[in-house]
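Encoded as structure tokens, the structure appears first; notes follow it.
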Amino acid sequence: MKKNDIILIAIAVLILMPLILLFLNSKNGDKALVKSDGRTIDVLDLSVDGTYRYENKYGFNIVEVKDKNVRVIDADCPGHDCINKGFIKRNNESVICLPHHFEVIISSDNEEYDVVVQ
Ligand SMILES: [Zn+2]
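Residue numbers (this note's numbering): 568 to 685.
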């Protein structure tokens, strides 16, 4: 193998790696972790539609699960960045409400299984 070939392979791997990681992260999750002050306070099943209210010392956030999507529909934080974020559904996507130390993160139970299937 020539030196140039090795360099080409190295470049190809470097280019493909982010795409592979992006692909693995871009599939839909099946649950949402709800975090308050860094602690996981709830796990939502995305296959069950519903509206959930969470309150901590900073304020409240109302989270809606609908058609395997999650969003914050109401909160009393300044700016409403969490509400403006809209729906999330991809694995590792998150809605963060900084003023409330509140976060919703999409996750998946069976990542390895899904990768094999795809
Ligand atoms: Zn907010």
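Where a beta carbon is used, it is the ideal one built from N, C-alpha and C, also for glycine.
- Among the bridge pairs identified by DSSP, K602 is matched with T607 and E670.
- Around the beta carbon of N651, a 10 Å sphere encloses fewer than 16 other beta carbons of the protein chains shown; the residue is thus reported as exposed.
- For C664, the beta-bridge partners assigned by DSSP are F669.
- Between V637 and L611, the C-beta gap is smaller than 8 Å, which places the two residues in contact.
- Not one heavy atom of ligand 1 falls within 7 Å of the beta-carbon of P585.
- Between Y619 and I608 the beta-carbon gap is near 10 Å, outside 8 Å, which marks them as no contact.
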